[in-house]
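One structure is given below, encoded as structure tokens.
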Amino acid sequence: MAKKIEILFYALEELSKQNIEPKKTKLSDKYKGIISKEQGEDLNKHIKQMRSEWNSI
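Numbering of the sequence shown is given in my numbering, commencing with residue 2 and proceeding in unit increments.
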């Protein structure tokens, strides 16, 4: 009887973990399509420029 209770408790514990743990999504999937390809390229150019300016200080 104790073994059955232990097994049931373990199963309930596993189910509650599944409900609590957040679903992990990659950032690339989360933000895919938010900005256009052209906007992304402009943003990359701007970031590179800012980094080079920061490194020259």
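A virtual CB, placed ideally from N, CA and C, is assigned to each residue, including glycine. Note that the structure is predicted; figures quoted are calculated from it, not measured.
Inset, instruction - Put glycine 34 into one of helix, strand or coil per three-state DSSP. - result: Numbered from its first residue, the sequence shown carries residue 34 at position 33. Reduced to three states, the DSSP call for glycine 34 is coil.
Practice item. Can you tell me which of the three DSSP states lysine 24 falls into? Key: Here residue 24 refers to the residue found at position 23 of the sequence shown. Three-state DSSP puts lysine 24 in coil, outside helix and strand.
Secondary structure of serine 57, DSSP reduced to three states: On the sequence shown, position 56 is the one that residue 57 refers to. In this structure, serine 57 counts as coil in the three-state DSSP scheme.
CB of leucine 44 within 9 Å of CB of isoleucine 35, strictly: In the sequence shown, counting from the first residue as 1, residue 44 sits at position 43. In the sequence shown, counting from the first residue as 1, residue 35 sits at position 34. Contact flag unset, no.
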